[in-house]
Every structure is written in structure tokens, then in C-alpha cells.
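In this note's numbering, the protein residues as written are 625 to 1179. Every residue, glycine too, gets a C-beta built ideally from N, C-alpha and C.
Rendered as C-alpha cells:
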């Protein structure tokens, strides 16, 4: 018997009380966003390591070094499994090798060991740094061996970051004169060394970098400081701490970007997230999910203005300094429509391709969640002044997006996506969007999605790719509820109640496993909290009228 079966009556009682508290929980989330408008993300190993390398002058340097030592896994890696550890481990190893050889304020490098990496709040010792770097090197050398090809994750600019960091690590090994006893790393199969070199050549000849490359400006090395056309937006380069630090290297500390980096690192006590601001992304996702689940929400004028003003000719970006994209544009449009302020969708047309919608121009891989969000925006109520021909175009584009999403569903009933490590996110996004449309094949697709979701529930009621998590459990509950628009069959209601029990036990949890794609994985903390609130509120309304009986195994 699943654990959730035993606690089902208690879950229902707790959910009954939860329904009255949903508005308060939503108000707390909105207050969090108002208190820190940049948005709250988990610290990034990759980005923190880049600041260790490029900005040792920045406040919190010793704490960043200690963070790298503290977050290394027992097997030598940093980050999540299944290829996601490659980028953060390369970044951490390079930073630790550089820090190991960097003299301290007195011109010497202390070699005495201490009881821990940050036991007395001071700089970690050279032996501690060397041991951590060596463990990371051994893990990398084994994974990158010719007979064990490493998968390249579909994270941002991995095709640029991996060859650049492999080259940087090998240069540091060469400079050690063999003292570390480690051999040079090789590139993963299918990864070329040329892309970063081509960018450096382009910059050296005065070519202007496309704006979407600013977020990874650090791959230019010393040339980042002189990259033509790159400019500060909201005191940052490409909304990236690493890119901003690389741009600042070798020049006098400019007050605005240096102050921004100090503010960002202070929030986490030294480490930094991967993006300096996710203001638009956080507001759109949090408010959209709460409103879509029927949670009573009062939107402050400042958040409403943030969403409205984010829509330019090409749509909305995730935050200041990032290029506009179809995903955030669609999410902003959908949230405004849910709030009763629908806006024209014409900014989406620049992302329309023959069969689907691209997230960015010239992207490597399409996104299922982006197309799901576009579909929702296209299905929303039209603004009062929408031109007559726009409705027909929206309907045609919506049908195109539906066809493409249906074609992307895997045989087991799930979807996956380029922006998230978990199939539960993509499956929820696609299920919610397709459930709103009228495609004749949608009902079958939703049933398959629900079967896959229910079959993968864990004994404690949770869902998750690597472990049961609050975030993935929230998505799975929404998938099951949207795929069953009528009454919930008893075994399905029991499964939903089990998931809710898991979420209710973790109402105070504020640290979440990183699952979202940037240069490495991250957790948008307030967004995840809103997913939990939305799932519990939606489930409470549905379970109040359901009387689940029997065993969850009946699924």
C-alpha cells in the first residue's frame, strides 16, 4: 500500500483549511517579489566559479571559494547527474586551480590545512583547493575518456562554454608543470573547439556580437573587456554576473556594475545566481500560475506595470539586459489576459516558423513549453480593439501550435523541453495548453499524459526525475487535474491526495533542487513556491467533491 493511502483523511482535512489560506499564501509570494524585484534564484556553481576566477576583488571572495568546496559532491562532481554536471564542474575546477596559485594579500599562498573550507570564515587553504580541483579533474577525465563519451547538456551556450573551459583547464594544467599529476582533458564527442575561437576572431576584427551572446561574454576571455557593441543594461552585461565580471576585468572598477555585483553576492553571502534579474519571468509565471489555478490575487500596480512595460515590438524578455523571447512574451500576454487586461499578440508573429514558434531567432532546438505558452496566449480573450483579421490569424496559429505539440509527445505520454531538466514541467505545460483548445486529438494525448504521470508516482506521493520534489509534484498534480476535467476517478483522486500530502508536509521548504536551464541548472525560488500554492489550491477545489476509495495501485 502506498504511504499516502494511510494519511488520506488527514490530507483532506488539511486541504479544507488550505483553501481559506490560499489568498494569504499568494499575498506572501507577491510581497516577496515586491521586496526583491530582481527575482530570487538559487546560487549557481558555474557563475560563482567565474567570479572566483575573474573578480577576486569583489566582496565575498572567500565565501565563494568556500561555497565551491562545500557544494562538491562525494564523487568529485558539481551539479546534477545525466550530463548536467559537466559545465559547473569544468567551471569550478578552473576557478579552484586559478585560486590555488593566486597569492594572498601578503604575496604568499598559505598551505596550512584547516578543519573545514570555511571553518573560521577565512580563505580556504591551498591543499583544500588542490584536493577539490583534483577530485573534479579525475571525474572529468573519466567522463571525457574516448570510450565513455559524455553527453552535452542542452543548457545555454554549452557548445561555447565546454570547449572554452576545457581549453582553460588544460592551460592551467600545463602551467602547473605536472605538479598536479593530472592529464589534459579531451572534448566530448561532437563538440568542436572552433566556436569560441571564431567568436574571439570576430571580436578582434571589430565585428559586433549579437545581443543574445552577451549573456555568455566570458567565453571571450581577455577580449570580453573590449568586445565591440557590448553595453551595460541595468548595470549588467547580458544580465549575467559572469559576463559582467569579465567585461570589468582589466579596467578600473566602474561604479554601477561593481555595485550591482556587490548587491547580488550579498544576497547569498558570497555566491551568485546565473542571472542578475528575472523580474519579468518571475512576475509572469508566479501571477499566471496563481490566477490560472483560481487563487484570489491582488496584483500591486508596480507588478502590473512591470508586465505591461516589458512588452516591446519584439515582445518581453525574462529580465532587463536579456533579449526578448517568445516564451516570456507569451507568458506575459497570458497573465495580463487572466488579470483582465488582454494585450495584442502581434509581438508573437516575429517568432512564428513554418510548423511551430521559435523561442529565439536562430535557436538550436525548439521548445515545447514555449509553444505551449504561445498556444495559451493565442487562445486567450482578444483585446477590445483587436483588428478583424487578427482573430483568424490567431486561430490558425493556435491550430499550428496544437499540431506541433501533439507531434512532440513521446510514446509513453510525456513531453520534455529545452528549458527544464524534468519532463514533469513540459508535460504539465503541454497538458494545460492542449486542455484549453479544441483539437480532436487532444483528449487522447491528455489521457496518455495522465497515465504516464500516475504510473511514475513515488511511494511517498511525490514525483521527480532524480528524487521526489515539491516542484515536480506540483506539476504532476496539475497535469492529472487538467487531464481529468470531469469528476476524478477514485484511484486518481487518491493519487492527487497523496501528492498534496507530500506538498503539505513541505509547506515551509524554501530551498529547492535546481531543475531549470541556464548555463547550469537553477531554481527560481518564488516561481516554485507559486507552483506549490497553485497545485494545492486547484487540488483542494477538486478533492472537496471527490470521495476517493480503494488502492492507489488501481491506477
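Bounding residues of the alpha helix (DSSP H) (the contiguous stretch that carries residue i)
i, result
"residue 678", "669 to 678"
"residue 922", "That residue, residue 922, is in no alpha helix (DSSP H); it is neither H nor E in DSSP."
"residue 836", "First-last for residue 836: undefined, no H or E at that position."
"residue 1032", "1012 to 1032"
"residue 1049", "1047 to 1060"
"residue 785", "782 to 799"
"residue 888", "879 to 892"
"residue 1124", "1114 to 1129"
"residue 686", "685 to 695"
"residue 1076", "1066 to 1079"
"residue 820", "818 to 828"
"residue 900", "It is not in any alpha helix (DSSP H) - residue 900 carries neither H nor E in the DSSP assignment."
"residue 871", "865 to 872"
"residue 760", "750 to 767"
"residue 723", "710 to 724"
"residue 953", "950 to 962"
"residue 1102", "1094 to 1107"
"residue 1000", "992 to 1003"
"residue 1161", "1149 to 1167"
Short Cβ contact (8 Å threshold) for residue i with residue j
i, j, result
"residue 898", "residue 668", "yes"
"residue 808", "residue 1158", "no"
"residue 817", "residue 760", "no"
"residue 854", "residue 843", "no"
"residue 828", "residue 847", "yes"
"residue 997", "residue 1140", "no"
"residue 1150", "residue 1107", "no"
"residue 1003", "residue 967", "no"
"residue 1153", "residue 653", "yes"
"residue 880", "residue 859", "yes"
"residue 845", "residue 904", "no"
"residue 1069", "residue 1058", "yes"
"residue 811", "residue 757", "no"
"residue 983", "residue 951", "yes"
"residue 993", "residue 1048", "no"
"residue 999", "residue 963", "no"
Residues near residue i by beta carbon distance below 6 Å, same chain, minus five either side
i, result
"residue 939", "948, 953, 971"
"residue 1156", "1094, 1098, 1127"
"residue 781", "840"
"residue 638", "1128"
"residue 1138", "666, 1145, 1146, 1147"
"residue 1089", "1046"
"residue 832", "852, 853"
"residue 1042", "778, 989, 991"
"residue 920", "647"
"residue 975", "950, 981, 982"
"residue 633", "none"
Cβ separation of residue i and residue j, assumed to be a contact under 8 Å, to the nearest whole Å
i, j, result
"residue 1030", "residue 1065", "5 Å"
"residue 839", "residue 710", "Contact flag wrong, Cβ pair sits at about 19 Å."
"residue 902", "residue 665", "6 Å"
"residue 677", "residue 722", "5 Å"
"residue 900", "residue 662", "7 Å"
"residue 1160", "residue 642", "5 Å"
From the options, residue whose alpha carbon lies closest to that of residue i
i, options, result
"residue 589", "904, 955, 943, 959", "This structure leaves residue 589 out entirely; the chain is present only between 625 and 1179."
"residue 755", "991, 778, 693", "693"
"residue 1019", "973, 930, 680", "973"
"residue 1027", "891, 978, 681", "978"
"residue 683", "869, 777, 790", "869"
"residue 705", "764, 680, 725, 687", "764"
"residue 1111", "1166, 1013, 1146, 931", "1166"
"residue 725", "707, 753, 715", "753"
"residue 995", "1017, 1014, 1032", "1032"
"residue 792", "766, 777, 821, 932", "821"
"residue 1024", "980, 1096, 1007", "980"
"residue 681", "956, 882, 975, 926", "882"
"residue 707", "768, 673, 830", "768"
"residue 986", "835, 1131, 700, 632", "835"
"residue 1072", "830, 660, 1036", "1036"
Own chain, CB closer than 8 Å to residue i, minus 5 neighbours either side, in chain order
i, result
"residue 640", "1164, 1168"
"residue 875", "849"
"residue 628", "Confidence in residue 628 is poor, its pLDDT being 49 and thus under 50, which makes the residue's placement too unreliable to answer from."
"residue 890", "683, 684"
"residue 961", "967, 1001, 1004, 1005"
"residue 1162", "917, 918, 1101, 1102, 1105"
"residue 674", "715, 719, 842, 865, 866, 869, 870"
Same chain only: Cβ atoms within 7 Å of residue i, ignoring 5 sequence neighbours per side
i, result
"residue 649", "1157"
"residue 1074", "1103, 1104, 1107, 1108"
"residue 735", "With a pLDDT of only 46 at residue 735, under 50, the local geometry of the prediction cannot be trusted, and the value read off the model is given with reservation. 749, 750, 751."
"residue 712", "669, 670, 702, 703, 1144"
"residue 878", "872"
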